[in-house]
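Reviewing the structure listed below.
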Amino acid sequence: MSFGKGCHLHLIDGSAFIFRAYHALPPLTRKSDGLPIGAVSGFCNMLQRYVEGNNGSDAPTHVAVIFDKGSHTFRNDLYPEYKANREAMPEDLRPQIPLTRRATEAFNIACKEVEGYEADDIIGTLSVQARKAGGRVTIISSDKDLMQLVGGGVEMLDAMKNRLIDVEGVEEKFGVGPDRVVDVQALAGDSVDNVPGAPGIGIKTAALLINEYGDLDTLLARAEEIKQPKRRQTLIDHADQIRLSRQLVQLDCDTPLDFGLDDLEVRDPDPDVLLGFLAEMEFRTLTKRIAEAMDAEPPEIDDTPQDAPEADAPEMPEIDASTYEHVQDMDALEIWLKRIRAQGYVAVDTETTSLNEMQAELVGVSLATQPGQACYIPLGHKGEGEGDLFGSAALAEGQMPLEDALAALKPVLEDASILKIGQNMKYDAKVLARYGIEVSPFDDTMLISYALHAGLHGHGMDALSERYLNHTPIPIKSLLGTGKSAVTFDRVPVADAVKYAAEDADITLRLWTVLKPQLHRAQVTRVYETLERPLVPVLAHMERNGIKVDRDVLSRMSGAFAQKMAQLEEEIHELAGRKFNVGSPKQLGEILFDEMSLEGGKRGKTGAYATGADVLEDLATEYELPARVLDWRQISKLKSTYTDALQDHIDPDTGRVHTSYQQAGANTGRLASSDPNLQNIPVRSEEGRRIREAFVAPEGRVLVSLDYSQIELRILAHVAGINALKQAFKDGQDIHAMTASEMFNVPIDEMTPEIRRQAKAINFGVIYGISGFGLARNLRIPRGEAQGFIDRYFERFPGIRTYMDDTVAFGKKHGFVETLFGRKIHTPEIGASGPRAGFAKRAAINAPIQGTAADVIRRAMIRMPDAIAGLPCKMLLQVHDELLFEVDEGAVDDVIKAARDAMESAAEPVVKLSVPLTVDAGQGANWAKAH
DNA sequence: CCTGTCACG
DNA sequence: GACGTACGTGACAGGG
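Quick note on the working numbering: the first sequence kicks off at 251 and runs consecutively.
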């Protein structure tokens, strides 16, 4: 049937369908291979419901689903920022887009797209054509941009609200008729699409003005007549911007189409094709329903999980350092940038003078676009020779000016449509940030590996290259040397640097091609996307912030400790009857167990006596010397590790200490802190806690500490489903006292500190995968007694035992355990024999609890920049369950409120915990007071 | 470089 | 019955 009078065309906005389907459904995956198919499932359901609804007298004669194609349209040429604030498409949605095209075709509905045009333009063009031919059109979309098409037989159906929008509906929404919608939009702008419009003017004002002056051109021509001075000035000042906005929102109803309306005639689907597709997607319910509706036999669905191949080992050329290019001028660099723009992704690596990002100077940048296709751009290599008096030497030959190279690289590194791939991108991003470049968006092969394989192996580049590429990278030591004679990278000859640096980028790119596709199959895309990648810029900021440390406080403490140690040493030597090195466990062991013949000397595997704190504590009840050694050790530790070492970590430029967080360091999802480690600053002993007085806020500011109260026990109560514990947390009870009361039948108000202490130890023991031996040692009670406690505990809270057994069984079956947020922690040794299995089992029991807590605080940290936006405060440190902020004095209450809220709600909406999370807050001039 | 020890959650 | 055992980290000193 040729399209004409009496015909009715339905135009479905495909992208709107896809996004609605994606957001409405949980992240479903195909059972056999883990392919994400949630959006496809929703899309098919929506199409099916649509088809089912088309049985009335008003059924369409023609129909098409219209999609966007290509991210670059004529609107981007007009205005590069058009839709520039759009968030990147979620990673697990991307592979589903082609499947929605196939779904449309399976339903035998025309599926149309045109390169370089938005779906809206095609919809506009077809609507105009259909109108001219005398037919009617229904646009199925809720996109307000399409409202300009309504009228003259064209109407919109908002499928979400099931509401028909005609001319009156448009007037209700925009205050003007469809023909003036673009004028109103041009004035009001659109924050979603980043259409600027006129600042300060919204839809209401815009409609008022258009209705008064007739249309936009008249309004702009007569802008001088507007009475309100501010509004008048806005329109005069922004006339060009408003005209540009109109071009952006105006649909192009002359899109070149290679098909006609007649091609869109409604066709019945072929049952074999449609059911075949649905079965391939493994949609059981939908396949059955549609088969019934079509009166056909539903096909068999085979969704037995396929063993995924070990790696997608794509064919790659051998790694060959002689093929790497040395880029030394702008012409050569431009060729690379063009290649990157055409491709849409690039692996990047930076070479610098230091591993410390705060001080590192950029020496060069390497790029890789394809396996084997990589280059190095040297920028700061020094020439031969020692240089002048100040140690600086002239730059080596074959380098382009640093500023020129960075100016050329910046647009690419910041381009929202080009993915930058790095290994440990936090490092490169921090270095580049110091040169004014904000790298975005990015992927990080280290974090991809971590999300995939935490617990299986390390995630450094060398380890990954060995494992996945069967290649040993050029060791950096071969260029820099070791020890005292080591040089910095700027002293490496350019020719050697090209091979090393370009290889790093090449390897990174190869790792990405191997590892990235595995995220979906392992079903950890959400972990990577929501817990790993967005944390990188947050940590980078915290590290750059640093915390102020008062050198004088530390220095005074060091002096006092030195005196005390000398005094103790003298006493110890006196007690021993001779001088020896108190700091040598070997010498101490000989003194104690050979010369003084004390009881309890046990030799370790090296043949030396054990002299750990537990051993010395036992001896200290009877003897003076071990007690003094314990005192000495405590002071010695505080001095060497903290009061001395911290001073060396004060950055000369900022006067602050900048730790470095390892995001892929701890198997459970916790962070690790190093250089210096600020996650183990003393707090348990009174003397140690005073070290925290050296961590201070500058004048006019205070430190604010917020920490989760008992987060791991709360998570245990949730995952093991222990109602008594849950209730106690809901009621805000003292959880250890309550445990003690339950276990030992002591009323809460008769609780003694000793009984409570024992219950507390058991509570913690459970989190660690309790054993009679471990608890006995911790509580210093006989093993049998400890075992009795544990038995009673399990009797009282049987859910704990079930949780432990189930978790170990899960680990044995799958080789990993999971947090509530889907993070996987691998447990390869759980099936081993001997003591190793014991270790692995306890680690498996602990990992989901510790890991879930780690995920929760990660989520809080990721949301924190938004939560505290606009408040005069900085997030400085994370200590597993604590976040430390530096805040302007006047804003403390606001910050505590905002940050506490973000932390307490951090699990939501993904996980709804059956226990509340609560956060304690403190503040003060230093960390000791704030904690 | 490895081991023992000890600081933190 | 013996084996060994609480979970997760990082830094420092001694000693080969």
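No residue lacks a Cβ here, since even glycine has one placed at the ideal position from N, Cα and C. Bear in mind that the values here come from a model prediction, so they are computed numbers and not experimental data.
- A straight line joining the alpha-carbon of GLY938 with that of PHE1014 spans about 23 Å.
- Distance between ILE1095 and GLN912, taken at the CA atoms: about 23 Å.
- In terms of Cα proximity to LYS480, the closest of GLY1088, GLY708, ILE451 is ILE451.
- For VAL1161, no beta strand (DSSP E) run applies, since DSSP gives it neither H nor E.
- Counted as a single uninterrupted DSSP element, the stretch harbouring HIS703 is not any beta strand (DSSP E) but the alpha helix (DSSP H) occupying residues 695-703.
- 8 Å or more divides the Cβ of VAL662 from the Cβ of LEU612.
- Looking at the DSSP output, PRO628 sits in a beta bridge with GLY614.
- Between LEU953 and the set MET397, ASP371, ALA1141, MET1114, the nearest pair of CA atoms involves ALA1141.
- Scanning the stretch 1127-1180 from its first residue to its last, the whole alpha helix (DSSP H) runs of 4-plus residues come out as 1142-1154, 1177-1180.
- DSSP lists THR279 as the bridge partner or partners of PRO286.
- In the DSSP assignment, ILE316 is bridged to ASP263, LYS362.
- By the neighbour-count criterion, in which a residue is buried when 16 or more other Cβ atoms sit within 10 angstroms of its Cβ, THR732 is exposed.
- For the pair PHE357 and LEU524, the CB atoms are nearer than the 8 Å cut-off.
- By the Cβ criterion, the stretch 954-963 is in contact with the stretch 1118-1138, since at least three pairs of Cβ atoms, one from each stretch, lie closer than 8 Å.
- A distance below 7 Å between beta-carbons, with the five flanking residues on each side excluded, links GLU874 to the following residues of its chain, in chain order: LEU825.
- According to DSSP, residue pairing for GLN620 in a beta bridge involves GLN623.
- Membership of ALA810 in the alpha helix (DSSP H) is indicated by the continuous run 801-826.
- Assignment of TYR892 by DSSP, reduced to helix, strand and coil, places it in the helix class.
- LEU259 sits close to LEU376, with the two beta carbons spaced by under 8 Å.
- Between GLU575 and TYR626, the alpha-carbon positions lie close to 6 Å from each other.
- A straight-line Cα-Cα distance of about 10 Å links ALA1104 and ALA1110.
- ARG942 is classed as buried because its beta carbon has at least 16 other beta carbons within 10 Å across all chains shown.
- In terms of Cα proximity to VAL426, the closest of GLY447, GLN398, LEU275, SER441 is GLN398.
- Cβ-Cβ distances below 8 Å link ALA858 to PRO835, LYS836, GLY839 in the same chain, with the five nearest sequence neighbours on each side left out; the list follows chain order.
- Boundaries for GLU601: no alpha helix (DSSP H) harbours it, while the beta strand (DSSP E) harbouring it runs 595-602, taken from the DSSP string.
- Straight-line spacing of the CA atoms in ARG534 and LEU1070 works out to 27 Å.
- Following the DSSP letters along the chain, one finds LEU525 in no beta strand (DSSP E) but inside the alpha helix (DSSP H) bounded by residues 521-530.
- Bounds of any beta strand (DSSP E) do not take in GLY839; it lies within the alpha helix (DSSP H) bounded by 835-839.
- DSSP places GLN379 inside the alpha helix (DSSP H), whose first and last residues are 369-382.
- For TYR1018, the three-state secondary structure derived from DSSP is coil.
- In the displayed model, LEU507 falls within coil according to three-state DSSP, outside both helix and strand.
- With fewer than 16 other beta carbons inside 10 angstroms of its own, PHE1023 counts as exposed.
- Scanning its chain for C-beta atoms nearer than 7 Å, with the 5 sequence neighbours on each side dropped, one finds around ASN304 the residues PRO310, in chain order.
- Of the residues assessed, PHE1135 falls on the buried side of the cut-off, its CB having 16 or more other CB atoms within 10 angstroms.
- Distances from the CA of SER1021 to each of ASN444, GLY1088, THR856 were compared; the closest alpha carbon is that of GLY1088.
- The three-state secondary structure of PHE1071, taken from DSSP, is coil.
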